[in-house]
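If you read the protein sequences in the order shown, they are chains A and B. Heads up: the first sequence begins at 47 in our numbering, then just goes up one per residue. Heads up: the second sequence begins at 47 in our numbering, then just goes up one per residue. Written out below as structure tokens is the structure these notes cover.
2 protein chains.
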Amino acid sequence: MTTDVTQAVALLPEGAAGSGSRARILEAGLELFATRGYHGTSIRDIASTAGLQSASLYGHFSSKESILAELVLVGHEAHHRALTLALMECGSDPVEQLRALVEAHVGAHADFPVLAIVANHELMHLTPEAAAPAEALRDQSLNLLMTVVGRGMASGAFDVPEPDIILTAISTMGSSVSLWHPTRPDISRETLCRSFADLAVRMVERKT
Amino acid sequence: MTTDVTQAVALLPEGAAGSGSRARILEAGLELFATRGYHGTSIRDIASTAGLQSASLYGHFSSKESILAELVLVGHEAHHRALTLALMECGSDPVEQLRALVEAHVGAHADFPVLAIVANHELMHLTPEAAAPAEALRDQSLNLLMTVVGRGMASGAFDVPEPDIILTAISTMGSSVSLWHPTRPDISRETLCRSFADLAVRMVERKT
DNA sequence: AACATCCGACCGATCAATCGATCGGGTGAT
DNA sequence: ATCACCCGATCGATTGATCGGTCGGATGTT
Numbered sequence: 047m048t049t050d051v052t053q054a055v056a057l058l059p060e061g062a063a064g065s066g067s068r069a070r071i072l073e074a075g076l077e078l079f080a081t082r083g084y085h086g087t088s089i090r091d092i093a094s095t096a097g098l099q100s101a102s103l104y105g106h107f108s109s110k111e112s113i114l115a116e117l118v119l120v121g122h123e124a125h126h127r128a129l130t131l132a133l134m135e136c137g138s139d140p141v142e143q144l145r146a147l148v149e150a151h152v153g154a155h156a157d158f159p160v161l162a163i164v165a166n167h168e169l170m171h172l173t174p175e176a177a178a179p180a181e182a183l184r185d186q187s188l189n190l191l192m193t194v195v196g197r198g199m200a201s202g203a204f205d206v207p208e209p210d211i212i213l214t215a216i217s218t219m220g221s222s223v224s225l226w227h228p229t230r231p232d233i234s235r236e237t238l239c240r241s242f243a244d245l246a247v248r249m250v251e252r253k254t
Numbered sequence: 047m048t049t050d051v052t053q054a055v056a057l058l059p060e061g062a063a064g065s066g067s068r069a070r071i072l073e074a075g076l077e078l079f080a081t082r083g084y085h086g087t088s089i090r091d092i093a094s095t096a097g098l099q100s101a102s103l104y105g106h107f108s109s110k111e112s113i114l115a116e117l118v119l120v121g122h123e124a125h126h127r128a129l130t131l132a133l134m135e136c137g138s139d140p141v142e143q144l145r146a147l148v149e150a151h152v153g154a155h156a157d158f159p160v161l162a163i164v165a166n167h168e169l170m171h172l173t174p175e176a177a178a179p180a181e182a183l184r185d186q187s188l189n190l191l192m193t194v195v196g197r198g199m200a201s202g203a204f205d206v207p208e209p210d211i212i213l214t215a216i217s218t219m220g221s222s223v224s225l226w227h228p229t230r231p232d233i234s235r236e237t238l239c240r241s242f243a244d245l246a247v248r249m250v251e252r253k254t
């Protein structure tokens with residue numbers, strides 16, 4: 047009888063954790079913050095999950111908050127990288143760009159759902175200074191979507207009476223994937239991304 | 047110079063809090079749970095906000111968890127009541143029913159945004175037994191939406207390749223209103239509800 | 001090859017502070 | 001006098017964080 051050492055799904059993007067104990071601390075904090083919340087998780091919980099004593103955490107992180115801050119930042123970085131990459135790989139048509147953005151947005155939440163949960167839900171428990179870098183990335187990502195919608199409106203391809211409502215609708219319905227998709231292994235990543243992209247296009251396209 | 051005793055917006059639905067100290071405890075817990083989270087809020091925080099000592103809370107509630115449990119239940123009850131009432135006041139056309147459901151869904155999150163935040167985000171910190179009543183109501187509400195979508199598909203008015211994705215998309219983009227709308231006082235409740243209802247219809251209606 | 005030195009990683013013990021909850025007693029209105 | 005309501009004091013447990021000390025493996029000198 048052997049124990050399965052291989053990880054079912056990678057919790058963190060490749061190369062984001064570091065090596066050894068530091069990576070195990072981040073992964074432990076990630077799972078615990080996602081399930082119990084930041085204030086519901088003690089540093090002893092994180093330490094024991096990572097196979098350490100609580101005192102040893104402070105050789106890798108300066109505080110409990112810095113663990114959360116790094117996770118939140120890593121999550122936002124991976125998300126923003128996926129969006130910009132998707133925009134670069136597609137053409138200049140606003141409809142095509144919207145599909146690319148939504149598919150990347152949904153894909154990021156499907157690939158790293160636990161990280162997305164922490165990045166979205168536990169960000170509020172950081173001090174403003176610690177949250178600032180992630181919030182800046184979030185604003186940039188939203189700006190990408192806003193620009194694409196604006197270009198579609200200018201070209202006449204989109205019909206959007208309330209642009210800000212469209213932005214929140216698209217971004218939040220994509221974020222729901224991190225909570226919902228893990229419960230539905232029967233729906234493939236491709237179907238998921240394509241379906242949400244279809245919905246986004248339906249919401250903005252001008253009816254003929 | 048006088049202090050404004052009138053409350054800008056009612057935090058809780060009428061008659062849901064009770065009277066006197068009990069109502070103030072619920073309102074204090076509501077605001078604190080929404081901003082700091084359940085585990086980030088102490089009994090003493092709630093007590094001082096409500097103008098009491100921590101020991102006095104236990105004359106009205108048996109535990110800290112029971113305060114959250116009541117808030118979560120009240121929120122889900124108000125939400126479910128709004129949905130069923132909206133369905134009763136409209137006709138039998140699936141499109142009309144979908145509009146009614148979405149407008150009621152969004153309206154509930156716009157009328158009591160703080161309560162919605164607690165009901166949606168802090169539910170996970172309740173024990174399964176304490177969360178069960180609210181979860182049952184949530185399932186019933188989702189069932190209403192699912193039934194309407196199913197009727198629209200059966201009549202041919204809707205074209206929905208992935209019904210479960212539509213359900214999560216509609217419900218979660220409505221829930222985002224509780225976080226987003228309070229920051230936009232320039233958008234009226236009517237515009238908000240109508241805009242989201244438009245989006246929902248656009249997502250499901252069969253293109254001609 | 002043998003020895004001394006150093007250093008990063010980790011641990012057990014412990015700190016002051018705060019946690020949720022309980023108790024007996026006080027207060028005021030009826 | 002009764003009764004609901006509230007308070008100060010306090011309980012044991014747990015919190016985030018710090019301390020000195022231990023260990024094993026590199027490094028460098030001879």
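Cβ coordinates follow ideal geometry from the N, Cα and C atoms, glycine included.
query: Arg145 of chain A: buried (16+ other C-beta within 10 angstroms of its C-beta) or exposed?; result: buried
query: Quick one: give me the first and last residue of the alpha helix (DSSP H) that Pro209 of chain A is part of.; result: 209-221
query: With a CB to CB cut of under 7 Å and the five nearest residues on each side skipped, what residues in its chain are close to Val194 of chain A?; result: Pro140, Gln143, Leu144, Leu147
query: Please tell me whether Ala156 of chain A and Leu57 of chain A are closer than 8 Å, where the distance is taken between their beta carbons.; result: no
query: Looking at the strands, I want to know which residues DSSP matches up with Glu251 of chain B.; result: B:Phe204
query: Kindly indicate if chain B contains any beta-carbon less than 8 Å away from that of His125 of chain A.; result: no
query: Roughly how far, in whole angstroms, is the beta-carbon of Ala150 of chain A from the beta-carbon of Ala162 of chain A, given that I think they are within contact range, below 8 Å?; result: Rounded, the Cβ-Cβ distance is 13 Å, inconsistent with contact.
query: Between Pro228 of chain B and chain A, is any beta-carbon pair separated by less than 8 Å?; result: no
query: Using the rule of at least 16 other Cβ atoms within 10 Å of the residue's Cβ for burial, across every protein chain shown, is Ala180 of chain A buried or exposed?; result: buried
query: Classify Leu144 of chain B as helix, strand or coil using the three-state DSSP reduction.; result: helix
query: Mind checking whether Leu76 of chain A and Val160 of chain A have CB atoms under 8 Å apart?; result: yes
query: Under the criterion of a Cβ to heavy atom distance below 7 Å, does Phe242 of chain B qualify as lining the ligand SAH?; result: The ligand SAH is absent from the structure shown, which contains no ligands of any kind.
query: Quick one: is Val55 of chain A buried, meaning 16 or more other Cβ sit within 10 Å of its Cβ, or exposed?; result: exposed
query: Is it buried or exposed, Met134 of chain B, if we count other Cβ atoms within 10 angstroms and call 16 or more buried?; result: exposed
query: Where Thr130 of chain B and Ser138 of chain A are concerned, what is the direct C-alpha to C-alpha distance, given to the nearest angstrom?; result: 45 Å
query: Using 8 Å as the Cβ pair cut-off and three pairs as the minimum, do the segment 98-112 of chain A and the segment 192-207 of chain A touch?; result: no
query: Taking a cut of 9 Å between CB atoms, which residues from the segment 193-219 of chain B lie near chain A?; result: Pro207, Glu208, Asp210, Ile211, Ile212, Thr214, Ala215, Ile216, Ser217, Thr218, Met219
query: What residues in the segment 151-185 of chain B have a beta carbon less than 8 Å from any beta carbon of chain A?; result: His167, Met170, His171
query: Given this structure, state the Cα-to-Cα distance separating Thr173 of chain B from Thr81 of chain A, to the nearest angstrom.; result: 13 Å
query: Just how far apart, CA to CA, sit Gly105 of chain A and Val118 of chain B?; result: 40 Å
query: Do His126 of chain B and Ser255 of chain B have their beta-carbon atoms positioned less than 8 Å apart in this structure?; result: Residue 255 of chain B lies beyond the range of chain B shown here (47 to 254); nothing can be said about it.
query: Give every residue of the same chain whose Cβ lies closer than 7 Å to the Cβ of Ala74 of chain B, excluding the five residues on either side of it in the sequence, and list them in chain order.; result: Ile92, Thr95, Ala96
query: Among A:Asn166, A:Ile71, A:Arg230, whose alpha-carbon lies nearest the alpha-carbon of Ser102 of chain A?; result: A:Ile71
query: If you draw a straight line from the C-alpha of Gly83 of chain A to the C-alpha of Glu168 of chain B, how long is it?; result: 10 Å
query: What in chain B is Cβ-close to Gly121 of chain A, meaning under 8 Å?; result: Those do not exist, as Gly121 of chain A stays about 18 Å from chain B at its closest Cβ, beyond 8 Å.
query: Does Glu236 of chain A pass the burial test, meaning 16 or more other C-beta atoms within 10 Å, or should it be called exposed?; result: exposed
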